[in-house]
Amino acid sequence: GNISKGLLYHYYTDKDALYLSCVAMLFQDMVDYLQERIDLASLTVDQYFSVRLQFFQQHPLHRQMFYDVLMYPQSHLAEQIEQCRAAFDQFNNMALRTILEKEQLADSVTLDQAIKQFRNILQLTPSRKQANCCTRCCMD
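Residue 1048 is where the sequence shown starts when you use my numbering, and the numbers rise one by one after that.
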């Protein structure tokens, strides 16, 4: 749009403040969307990935920001970004725990290990195809 730098700097002290505001909005919008559409008591892997994919389809700018935050993190803002995504990480962990507690894991995989593996894959892509790959690795 046609927003002057002066107007931006009236509301944000610098580029980092603007960036962090966008990151905070991304994660809050994502948590709100997921919480509105997901019932943790009956959640399945397919449902979780489907809802995440819907969010990114409906919010393409958020999708780009999400990948930028994960793939090209601003190291000098790591602490602030962690704060911005705390509610998202908490919801994500609850959802994964709910899903994986219902599954028969491979004997060599603990629940915490499976959650960590799924969380890593979820950060890279919202696709169900990636979840299927993880499922084969963690479950019998």
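Where a beta carbon is used, it is the ideal one built from N, C-alpha and C, also for glycine.
Collapsing the DSSP output to three states places L1152 in a strand. Counting C-beta atoms within 10 angstroms of its own C-beta, N1139 has 16 or more neighbours from the protein chains shown and is therefore classed as buried. Remark: C-beta atoms of L1073 and A1142 do not approach each other more closely than 8 Å. Annotated as proximal: I1162 and L1147, with beta-carbon spacing under 8 Å. For A1134, the closest C-alpha among the options N1167, L1081, A1064, Q1160 is that of L1081.
Under the three-state reduction of DSSP output, L1090 falls in the coil class, being neither helix nor strand. The three-state reading of DSSP puts Q1111 in helix, counting H, G and I together. In the structure shown, I1085 falls within a coil segment according to DSSP collapsed to helix, strand and coil.
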